[in-house]
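Notes follow once the structure below has been shown.
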Amino acid sequence: MAKGSNRRKTVAKSNLPQKTCATCGRPFTWRKKWARVWDEVKYCSKRCGGRG
């Protein structure tokens, strides 16, 4: 077996999708915990989500 063949491919942070927060207008990037619900994410944080 080749050395390092069991490693996951890493993705540069600059290649991750971005959205703009509906409350504060700041851009935020994709997070692993949002993988399944990325289409539904509107806010950059819980703090911004609570305001709207």
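Per this note's numbering, residue 4 is the first one in the sequence shown, and the count goes up by one each step.
Idealized CB from N, CA, C, for every residue including glycine.
- Query: Rounded to a whole number of angstroms, what is the C-alpha to C-alpha distance between residue 29 and residue 10?
  - Reply: Cα to Cα, the separation comes out at about 34 Å.
**Prompt:** Is residue 22 helix, strand or coil by DSSP?
**Reply:** Residue 22: strand per DSSP, three-state reduction.
Considering just the uninterrupted stretch of the beta strand (DSSP E) at residue 32, what are its terminal residues? Run containing residue 32: 30-32, per the beta strand (DSSP E) assignment.
Exercise for review: In the DSSP assignment, find the alpha helix (DSSP H) that holds residue 49 and state where it starts and stops.
Suggested key: That run of the alpha helix (DSSP H) goes 49-54.
- Query: Mapping DSSP to helix, strand and coil, what is residue 45?
  - Reply: Coil at residue 45, not helix or strand.
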